[in-house]
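So the sequence shown is numbered by numbering that gives the first Met the number 0: it starts at 0 and just counts up by one.
Even glycine gets a Cβ: it sits at the ideal position worked out from N, Cα and C.
Beneath this line is the structure, given in structure tokens, with notes to follow.
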Amino acid sequence: MGDDSTMVAPVTVDGQVLFRLRGTSALPAWFRAREVRQRIVALADNTEQDPAAITVETIGDGVALVANEETLVIFYPPDAELEQVSLQLLATSSMRRVIHAVGDYREMRAPERLLRNTGILLGISLLAALLYRAITALFGWLNRLVERRLKGQLEQIEQASHRVINSRQIWGWLGGILRGLRTLMLFLLVLVWLETALGLYPWTRPLAVDIFRLILDPLKEMSAGLVASLPDLAFLAVLVVVIRFFLRVIHTFFARVDRGWIRLETFDRDLALPTYRIVRVVVIVFGLVIAYPYIPGSDSEAFKGMSIFFGVILSIGSSSFIANIIAGY
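What follows is the structure, encoded as structure tokens:
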């Protein structure tokens with residue numbers, strides 16, 4: 000069995016699929032489709048020929064579309080089997096599509112149509128620019144509104160928690176969410192503008208047909224993987240919050256020991272910060288051990304190889320690493 004381009008290929012004109020053709024190893028489908036497309040385009044370029052003059056004729060085992068005694072395409076039984084219709088019905092329906100495609104081909108290249116589409120392009124570009132400014136202004140207003148409503152409350156929460164909760168960090172998260180939403184809306188705006196603009200001209204219409212597929216298909220794959228990983232990601236998010244909160248509590252405790260606010264009889268205050276750094280590493284390593292099975296892709300060979308590599312690097316530099324931690328570097 001050959002590859003898909005050898006066995007089946009579509010015949011397209013300006014991004015519009017007219018029909019599909021089967022191929023063989025000796026005559027690949029992509030080669031048949033390219034030759035047929037060139038004949039149809041040649042017919043469309045010759046404005047003196049009427050596409051309505053295309054006829055259906057039987058030639059040997061196949062049925063052909065003929066225009067002014069020139070064969071455009073010959074359909075064979077395997078082509079009809081591909082569409083699960085009779086050979087005659089395939090030829091008749093394909094003839095209608097070819098006639099329509101030739102008419103569209105000529106209309107899209109008419110000077111008055113190109114001039115009108117250029118005007119439309121200027122109009123949608125102006126509209127896109129206005130929407131861009133509107134979206135930017137909207138999120139600027141939302142950012143100021145959230146800051147005015149929540150910033151004071153976040154500072155009060157930070158003071159009430161004895162700075163265990165960092166208001167700047169929470170504000171950074173909120174700002175990141177707003178920036179992400181703004182970026183998403185601007186991306187969709189640019190995508191819609193680009194698809195519309197490319198679709199206005201026949202030379203770029205195939206790109207307009209494929210642009211959403213080219214961009215959205217990878218996003219669909221990533222979103223499917225993300226949805227499948229949501230339980231693990233939720234666990235990791237909760238784990239990160241818990242670890243960060245625990246580290247902040249530990250930091251607050253040892254910082255107060257270092258300043259003399261908390262006195263421990265058998266513990267020298269000068270050892271508070273070095274001890275904190277060691278405890279922090281232990282907590283982080285403990286968190287990584289817990290998180291490892293829940294990290295997406297952790298069971299892949301590449302991920303395991305990276306883990307071994309970093310483990311070797313850490314082992315080689317472990318003595319100096321621990322010394323630097325204690326010293327505060």
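Own chain residues within Cβ distance below 6 Å of residue i, not counting five before or after
i   : result
V65 : T54 and E56
P77 : R21
Buried versus exposed call for residue i [16 or more other C-beta atoms within 10 Å across all chains shown]
i    : result
G1   : Because the pLDDT at G1 is just 45, under 50, the model does not fix this residue reliably, and the value given afterwards should be weighed accordingly. So G1 counts as exposed.
V280 : exposed
F18  : buried
M94  : buried
Y291 : exposed
V370 : With the chain running from 0 to 328 in the structure shown, residue 370 is simply not present.
V12  : buried
A271 : buried
P201 : buried
F266 : exposed
C-alpha gap between residue i and residue j, whole angstroms
i    : j    : result
P27  : R115 : 40 Å
I289 : F234 : 10 Å
T195 : F211 : 11 Å
R108 : A128 : 28 Å
L238 : L232 : 10 Å
L287 : A227 : 21 Å
A8   : E111 : 34 Å
A223 : L190 : 21 Å
F30  : E106 : 28 Å
A207 : L193 : 8 Å
P217 : I261 : 55 Å
G102 : R38  : 15 Å
V40  : T46  : 11 Å
Residues of its chain near residue i, where Cβ-Cβ distance is below 8 Å and the 5 sequence neighbours each way are ignored
i    : result
L180 : F138
L263 : V256
P62  : According to the sequence shown, residue 62 is Val rather than Pro. Answer for V62: V55, E56, I73, F74, L86, Q87, L89 and A90, listed in chain order.
I134 : R181, M184, L185 and L188
L120 : A196 and L199
Three-state secondary structure (DSSP) of residue i
i    : result
L180 : helix
Q152 : helix
V84  : coil
L193 : helix
G22  : coil
G304 : helix
L17  : strand
I119 : helix
F252 : helix
E111 : helix
G338 : Not covered by the structure: residue 338. The range shown for the chain is 0 to 328.
I199 : According to the sequence displayed, residue 199 carries Leu and not Ile. Three-state DSSP puts L199 in coil, outside helix and strand.
P50  : helix
Cut-off 7 Å between Cβ atoms - residues of its own chain near residue i, not counting five sequence neighbours on either side
i    : result
F245 : V282
T203 : L197
A52  : A66 and N67
A32  : A8, P9, V10 and L20
CB contact below 8 Å: residue i versus chain C
i   : result
P77 : Looking at the structure shown, chain C is missing, and only one protein chain is on hand.
Best match in the options for proximity to residue i [C-alpha to C-alpha]
i    : options                  : result
H99  : G304, I261, G259 and V16 : V16
L81  : E146, L215, M6 and S222  : M6
G296 : I58, T265, L225 and G259 : L225
A79  : D60, T251, F252 and L71  : D60
E58  : D216, F285 and L71       : The sequence given here places Ile at residue 58; Glu does not occur at that position. Out of D216, F285 and L71, L71 has the C-alpha closest to the C-alpha of I58.
G151 : W140, L125 and I169      : I169
W140 : L177, D44 and D269       : L177
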